[in-house]
Amino acid sequence: MEKLLKELQYADLHRQTRRHFLQSAGFGLGALGLGSLLGSCGSSNAGTNAPGNAAAAKIPQFAPKAKRVIYIHMAGAPSQLELFDYKPELVKYHGKDCPAEFLEGKKFAFIQGVPKMLGPQGKFGQYGESGAWMSDYVPYLQTVADEITFMKAMHTDQFNHAPAQLLMHTGSPRLGRPSLGAWSVYGLGSENQNLPGFIVLASGGQQPDAGKSVYGSGFLPSVYQGVQCRTGGDPVLYVSDPSGMNRDMRKQTIEAINEINRQTYEDVKDPEILTRISQYEMAFRMQMSVPEVMDVSKEPQFILDMYGVKPGEGTFAMNCLLARKLVENDVRFVQLFDWGWDGHGTSKDHNVEGGLRQKCRESDQPIAALIKDLKMRGLLEETLVIWGAEFGRTPMQENRNGLVMPFMGRDHHLDAFTMWMAGGGVKRGHSHGQTDELGYYGVKDRVHVHDLQATILHLMGFDHEKFTYPFQGRNFRLTDTEGKVVKQVIA
Amino acid sequence: MLLPLLQASPWALFIGRFHPVLVHLPIGFLLIAALLEIGRRTGKINISETTVVFILFWSAISATFACIAGYLLSLGGGYDEELLSDHMWKGIGVAAFAWIAWLVKSDRTGKVLPFGKMAYLPAFGIAVLLTMSAGHDGGSLTHGEDYLTQYTPEPFRSLAGMGPIEEKAKEIKPIADVQQAVVYQDIVRPILEARCTQCHNASKKKGDLRMDELALLMKGGENGPAFVSGKSAESDMIKRCLLDESDDDHMPPKGKPQLSTDQIALLSWWIDQGAPADKKVSELALNEQVKPALASLGAGAPASGKASGKSPESAIAGMKVPQAKESDIDALRKVGLIVNTLSQDQNLLEVSAVNAPQFGDKEMALLLPLSQQITWLKLGNTKISDNALKDIAKLKNLTKLHLEHTAVTDKGIAELKSLPHLEYLNMMDTKVGDTGLKTIAGIKGLRSVYIWQSAVTDSGVSQTSKQYPGLMVVNGFSEAEVAQFLKAGDSTATKPVAAKK
Chain A
1 MEKLLKELQY ADLHRQTRRH FLQSAGFGLG ALGLGSLLGS CGSSNAGTNA
51 PGNAAAAKIP QFAPKAKRVI YIHMAGAPSQ LELFDYKPEL VKYHGKDCPA
101 EFLEGKKFAF IQGVPKMLGP QGKFGQYGES GAWMSDYVPY LQTVADEITF
151 MKAMHTDQFN HAPAQLLMHT GSPRLGRPSL GAWSVYGLGS ENQNLPGFIV
201 LASGGQQPDA GKSVYGSGFL PSVYQGVQCR TGGDPVLYVS DPSGMNRDMR
251 KQTIEAINEI NRQTYEDVKD PEILTRISQY EMAFRMQMSV PEVMDVSKEP
301 QFILDMYGVK PGEGTFAMNC LLARKLVEND VRFVQLFDWG WDGHGTSKDH
351 NVEGGLRQKC RESDQPIAAL IKDLKMRGLL EETLVIWGAE FGRTPMQENR
401 NGLVMPFMGR DHHLDAFTMW MAGGGVKRGH SHGQTDELGY YGVKDRVHVH
451 DLQATILHLM GFDHEKFTYP FQGRNFRLTD TEGKVVKQVI A
Chain B
1 MLLPLLQASP WALFIGRFHP VLVHLPIGFL LIAALLEIGR RTGKINISET
51 TVVFILFWSA ISATFACIAG YLLSLGGGYD EELLSDHMWK GIGVAAFAWI
101 AWLVKSDRTG KVLPFGKMAY LPAFGIAVLL TMSAGHDGGS LTHGEDYLTQ
151 YTPEPFRSLA GMGPIEEKAK EIKPIADVQQ AVVYQDIVRP ILEARCTQCH
201 NASKKKGDLR MDELALLMKG GENGPAFVSG KSAESDMIKR CLLDESDDDH
251 MPPKGKPQLS TDQIALLSWW IDQGAPADKK VSELALNEQV KPALASLGAG
301 APASGKASGK SPESAIAGMK VPQAKESDID ALRKVGLIVN TLSQDQNLLE
351 VSAVNAPQFG DKEMALLLPL SQQITWLKLG NTKISDNALK DIAKLKNLTK
401 LHLEHTAVTD KGIAELKSLP HLEYLNMMDT KVGDTGLKTI AGIKGLRSVY
451 IWQSAVTDSG VSQTSKQYPG LMVVNGFSEA EVAQFLKAGD STATKPVAAK
501 K
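From first to last, the protein sequence lines are chains A and B.
Under this note's numbering, think of the first position of the first sequence as 1, with each following residue one higher.
Under this note's numbering, think of the first position of the second sequence as 1, with each following residue one higher.
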């Protein structure tokens, strides 16, 4: 211990540069003045819910309708024209040249020249009392039609996967901004103190194109970043004790480390040290709680059947079941990533016919099961379930390099796509927005990515214009300078 | 008018807006002059008379300018005329008497005026009294007449014969039978009262418009009538609501509580129907936009029974309680409960035992000091029993209650029926049965009850659902139902309402 402290002192002296001196001297003077001002005001922690805890909640502007979020992101972007956006007119145009007005001044990721139109591949029908349009690609989702609000005229600014995913999750197509999940935990705090507030589950462990930044904390303290849990084996690597180490010994170790960290914090006041301290404490508590919550072996067989999972799998379906277990334990934000939805028509797996059907077979049943399961446990009305991707797909068939593709596929499309939400204060059985008769542009009630983000924050109790974090001299917010709450989807 | 200034020109209003600044000068000057005069006359301080006279001179000058600016400000309109006139004449009085008091003492004029000496003190005194009275009128003009005394505390409140403190933004109460509601009286007027009449009323007529009575609404304001009967799209009050919130002409102004889409739909519908004063909902033709909006006014679920999705606003929106004591909250945190403030300005609390599985009946007493503040309570997976529910029943503002996976039974649940605002009750995996469900189903605002894996039977669910159509009783899957659900994958199992290729 003594040696450690000496080493720390030495490291400290190394850090004492002129800049540090000026910084702490300036801060010291300012703090003297501020301290005398605040002296009689009691706590300076006003505006937070639990002082002293780095992940403590701010107080929302109004009572939240959604206490928790499960965000299902289908990386690659499924075709809305096969699943939800029924366009009978497009059938007539199937195989014909794309009208010139759709192509003028437009850029696509792969389409070149004049592509052919591609008719919808699914068999559509209206389901539920709300009469929601869905195709036979998603037969299970049909059974929960009346829980869902569709947004059919979504649009975005980016037509490549990584920037579009960043825009969707962080409000900016460039790196460096906090993700929606990080903002949520920064705002509402982490409810269950034994579990991270923001957990990420990716099918097969595979990251989305934009990497970990889509669930990063950007310029927010890193305590708010998403924690990725593995679905098989140890849910969080290196969290369990090595053999020969008992829990008491582990506790003493962590206490010693945190004591040193606290001293360092007193000296340099870097908030990242607080993050580190709370992460150590969290990790210690997680040793008990994570394996418990991630263990599905105690689930009854019929629940496993409902999701279509077997214990030990690392599938999307398993992640849906885990998502339910996590929100049941008051985890604030659960982010699910699935991949393989990029149906260009380039291969057997990546197209809007067999390939998309296969992806739907893997995901449709567990998603419907998740909604039913949340509902019967009384969790759905407090939990916002969001389904979507980074963009949509074109009504034209892709003609990469001017060639005819081996399978039917569609290119990336940013002018119109469908997303849906359920529970958490959105309308039950509702459809918002409309696209033109070929599904190219939104013609009514368009919703931009920033509008969606504003709406999600609104459902969580935050006015997106007031919910900010100061960084590099200005206040930043998730929606940057845009975004309007879509009141029509709120119950 | 002689000068362009005397019309409501930009110049006039520019200078006019300095009235609230200027007006404080004569108030201060006169009072300090009065204090000095008292001090001088009682021999407490040693100053010459000229000091007081000098201050009086500046009082008179500044009072005069304040009067001019005040007059220019009043040209902008929007004030209660009677009160304005009182304020104006008292203000002019202050200036006039300040001049008189100065004139009779001033070196040059004092000796010329016959009753100079005798007029000094009365003129001075009247000026001071008028200052106070005019100042109060001015405050009433700006902030409203009850501003000063709105929050008079007890016991002075009762002594003065005042009613209980009213919340400023009125919330709209649910309507028992929407079909029989009189559209203007029961639907339109409450919306206007909640969102418009704070500024458009008898004393504060912004834009010369009053919205507190139908006739005055028809008459309109300086921009013409507020609505065109039968044509909501051409009606000013609707058009302004639909403008972007950042638009200067948008109403209500940015930052004030806004009308919901449903409320706009209701107002538009009423105007389209010719803005009748006494017709009932059932006497008017309905359209698609207004149906869900009307349904949302009811206490229960949509009348059509269809999944339309619009739920009535939670009672939480109208709640405001005193701030909880920090020590009471700390006591809860000490036993492992998580306590969060639900939203700014309301002081309501959310309490969760997610990290306190040992929480039991003994600790319940800790919640009672916060009986007003706790509105969401999560006691699922804890050791509580029926005894705890006696205490829970004392949390009068409770809207959401989680009791899943606990030992509570019908006996305990019966205690909850006195909770007036309960909206959500989770009794999943408890011993509560049909009797328990029946006793609490009568709670008026109750919207959803969860009973999966409890002792409630299917017939109990269907009976309750029939009797209380506004209440959603949610059961879960049995094994057989899961098997049924799994058949959805067979393309033949679920039939669409209407299928097309």
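The C-beta atom is built at its ideal place from N, Cα and C for all residues, glycine as well.
Glu479(B) belongs to the set of residues whose beta carbon lies under 8 Å from a beta carbon in chain A.
Judged by beta-carbon spacing, Lys280(B) lies beyond the 8 Å limit of Gln344(B), meaning their Cβ atoms are not closer than that value. Taking a contact to require three or more Cβ pairs closer than 8 Å, the segment 296–307 of chain A and the segment 337–354 of chain A do not qualify as touching. Taking 8 Å as the cut-off between beta carbons, the residues of the segment 409–443 of chain B near chain A are Tyr424, Asn426 and Met428, in sequence order. Contact note: Tyr79(B) does not reach chain A at a C-beta cutoff of 8 Å; the least C-beta distance is about 33 Å. For Val486(A) against Asp451(A), the beta-carbon gap comes to about 5 Å, under 8 Å, which counts as contact. When only Cα atoms are considered, Ile413(B) and Gly171(A) end up about 46 Å apart. Assignment of beta strand (DSSP E) within the segment 317–367 of chain A, counting only whole runs of 3 or more residues, yields 333–338 in chain order. Contact annotation: Asp434(B) and Thr457(B) have beta-carbon atoms nearer than 8 Å.
For Gln279(A), the enclosing alpha helix (DSSP H) stretches over residues Pro271 to Val293.
Cβ contact annotation for Val104(B) (same chain, cutoff 6 Å, sequence separation greater than five): Gly110, Leu113, Gly116, Ala119 and Tyr120, in chain order.
Among the bridge pairs identified by DSSP, Trp420(A) is matched with Phe150(A) and Trp387(A). Interface flag for Gln61(A) against chain B is set, since a Cβ pair is found closer than 8 Å. A contact is defined here as three or more CB-CB pairs under 8 Å, and the segment 73–92 of chain B fails this definition with respect to the segment 45–58 of chain B. In the same chain as Glu222(B), and ignoring 5 residues on each side of it, the C-beta atoms closer than 6 Å to its own belong to Gly207 and Asp208, in chain order. Separation of the CB atoms of Leu389(B) and Glu415(B) is rounded to 4 Å, and the pair is thereby assigned contact status at 8 Å. Beyond the five residues adjoining it in sequence on each side, Met294(A) comes within less than 7 Å, by CB distance, of Cys229, Pro235 and Leu322 in the same chain, given in chain order.
As a beta-bridge residue in DSSP terms, Met117(A) pairs with Met396(A).
Taking the Cβ atoms as the reference, Phe302(A) lies roughly 4 Å from Glu479(B), within the contact range of under 8 Å. When the five nearest sequence neighbours on each side are left out, the beta carbons in the same chain lying within less than 8 Å of the beta carbon of Ser133(B) are those of Lys90, in order along the chain. Per DSSP, Trp270(B) is one residue of the alpha helix (DSSP H) stretching across Thr261 to Asp272. Looking from the CA of Leu141(B), the closest CA among Ala455(B), Val321(B), Lys205(B) and Gly336(B) belongs to Lys205(B).
As summarised for the segment 82–130 of chain A, the continuous alpha helix (DSSP H) elements at least 4 residues long and confined to that stretch are 88–93 and 100–103, given in chain order. By the CB criterion at 8 Å, Asn426(B) and Gly189(A) fall outside the cutoff. Interface criterion not met: the Cβ of Gln289(B) is under 8 Å from no Cβ in chain A.
Met154(A) is a Cβ neighbour of Val447(A), given a cutoff of 8 Å. For Arg324(A), there are no neighbours in chain B by C-beta distance under 9 Å, as the nearest C-beta there is about 12 Å away.
Across the structure, Asn246(A) and Phe284(A) are spaced so that their CA atoms are roughly 12 Å apart. DSSP, read as helix, strand or coil, puts Gly412(B) in helix. Residue Met286(A) holds the alpha-carbon nearest to the alpha-carbon of Asn355(B) among Ala109(A), Leu380(A), Arg324(A) and Met286(A).
Within chain B, the residues placing a beta-carbon under 8 Å from that of Tyr140(A) are Phe485, Ala488 and Gly489, ordered along the chain. Relative to the Cα of Leu395(B), the nearest Cα in the group Gly220(B), Gly380(B), Leu367(B) and Leu148(B) belongs to Leu367(B). Residue contact check for Phe467(A) against chain B: no CB pair falls below 8 Å. With fewer than 16 neighbouring CB atoms inside 10 Å of its own CB, His24(B) falls in the exposed class.
Between Ile175(B) and Leu297(B) the beta-carbon gap is near 5 Å, inside 8 Å, which marks them as a contact. C-alpha of Thr275(A) to C-alpha of Tyr224(A): approximately 9 Å in a straight line.
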